[in-house]
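Here is the structure we will look at, set down as structure tokens.
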Amino acid sequence: MVDEKKIALRPAVELSYLPREWQEVVVAAVHYLKRTPSHAQAKELRKLAESSSPTREMVYQLLDEKKPNQKDRIILKTETIRTYLPENLPASQREDYIIKALDHYGKYRARRERAKHSR
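Per the working numbering, the sequence shown runs over residues 441 to 559.
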């Protein structure tokens, strides 16, 4: 999962200390919940495994908790959007350019919607 950039290295190191069967439970939980453990969650899982015998429910419950720093993110690959950006646009200005373009498009759609309803 680390090689595929599905999980960060530090949580992966913590998870590597879990018994194989619990690593498989974590992988199943990650696929089911569509969430990877944070470093803190991975450390908690390791501590649970060392001190007691965690249940599947405990693993799922821990991974299902919303991470405090978790924010929804949108990742756009440069090769996907390159044709929509000016060639000389610096990387530092791309986000602002995209936000302005989306704002413009939103206003355009609102005008079309108003025109459609006024007919």
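We treat Cβ as the ideally placed atom computed from N, Cα and C, and that holds for glycine.
Integer Cβ distance of P451 from H479, believed to fall under 8 angstroms: 5 angstroms
Distance between K540 and K556 (C-alpha atoms, nearest Å): 24 angstroms
Coil, strand or helix - T523 by DSSP: helix
Y537, enclosing alpha helix (DSSP H) - first and last residue: R534 to H557
Pairwise C-alpha distance: S532 and R496: 44 angstroms
CA-to-CA distance, T520 to R460, given in whole angstroms: 39 angstroms
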